[in-house]
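One structure is given below, encoded as structure tokens.
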Amino acid sequence: MSEPDPRREPEPQEVLHRDGSLRARGATLDGEMHGHWQWFRLDGTPLRSGSFDRGRRIGVWTTYDRAGAPHKETRFGD
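The opening residue of the sequence shown carries number 125 in my numbering; numbering runs sequentially from there.
Now the structure itself:
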């Protein structure tokens, strides 16, 4: 298996709900989630956001209530 190329740039990604609305937005690097990602409910309000380091959750992740206000924070990777 070859080593990942450290010069590669993350590729922007969007994932859609069945109705075509935005479900998630972020980037991948070598096929793994990398950098900041955001997930959305069907009505477009934010559901969750956080960051990845080559597929591993890191830092503070925020979960939002149905009105889109921050509800809970969870820390990963420390």
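Glycine residues also receive a C-beta, built at the ideal position from the N, C-alpha and C atoms.
> Just how far apart, CA to CA, sit Phe200 and Gly168?
Replying inline: 26 Å
> Whose CA, out of Gly144, Asp177, Ala148 and Thr186, lies closest to the CA of Met157?
Replying inline: Asp177
> Around the C-beta of Ser173, are 16 or more other C-beta atoms found within 10 angstroms, so that it is buried, or is it exposed?
Replying inline: buried
> Around the Cβ of Gly150, are there at least 16 other Cβ atoms within 10 angstroms (buried) or fewer (exposed)?
Replying inline: buried
> Mapping DSSP to helix, strand and coil, what is Glu133?
Replying inline: coil
> Roughly how many whole angstroms lie between the Cα atoms of Gly183 and Leu153?
Replying inline: 18 Å
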